[in-house]
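Peer 1: Starting off with a structure, shown below.
Below is the structure:
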């Protein structure tokens, strides 16, 4: 697979993610859009969101890229840490903005106790922003990928 194909597939996965987040709640679909087709009492567009989960696409593409780099000898623990640090810096920036706004709008919820703060900073806990649930498993897979590749004999 070429880099262009990979970028194209990532773009499709991003569109799938937008579609999923726009139409995954029946109450929102019914009250804020005009569904044209229903299956029973459920808008078809809502059912269709279940047919296009984007996370598996991202995981497969990420795994493919990681395997490709591993085969070329370009994957090391240090490189993985560097890639994750870049990702986490972006996550921390979003988290800071999210918690800053949250502590103004809902001071009884944000920032919470020390366990909650540390859990969200490390991404072990996604209580501040539920859509970041994937970050901790992704980090674990990234850090253990070298060991997994060696065990599998890739």
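In the UniProt record's numbering, the protein residues as written are 1 to 154.
Each residue gets a CB set at the ideal place from its N, CA and C atoms; glycine is no exception.
#1: Enumerate in chain order the residues of its own chain whose CB-to-CB distance from residue 33 is below 6 Å, with the five nearest sequence positions on each side excluded.
#2: Could you spell out the range, first to last residue, of the alpha helix (DSSP H) harbouring residue 153?
#3: Around the Cβ of residue 155, are there at least 16 other Cβ atoms within 10 angstroms (buried) or fewer (exposed)?
#4: Within 8 Å, do at least three Cβ pairs link the stretch 44-59 to the stretch 8-28?
#5: Let me know the beta strand (DSSP E) ranges lying completely inside the stretch 71-113, each 3 residues or longer, listed in chain order.
#6: If you draw a straight line from the C-alpha of residue 1 to the C-alpha of residue 109, how long is it?
Peer 2: With the given structure in hand:
#1: Excluding positions up to five away in sequence, the list is empty.
#2: Careful: residue 153 lies outside any alpha helix (DSSP H) and carries neither H nor E.
#3: Only positions 1 to 154 of the chain appear in the structure, and residue 155 is not among them; the question remains open.
#4: Output reads yes: the stretch 44-59 touches the stretch 8-28.
#5: none
#6: 46 Å
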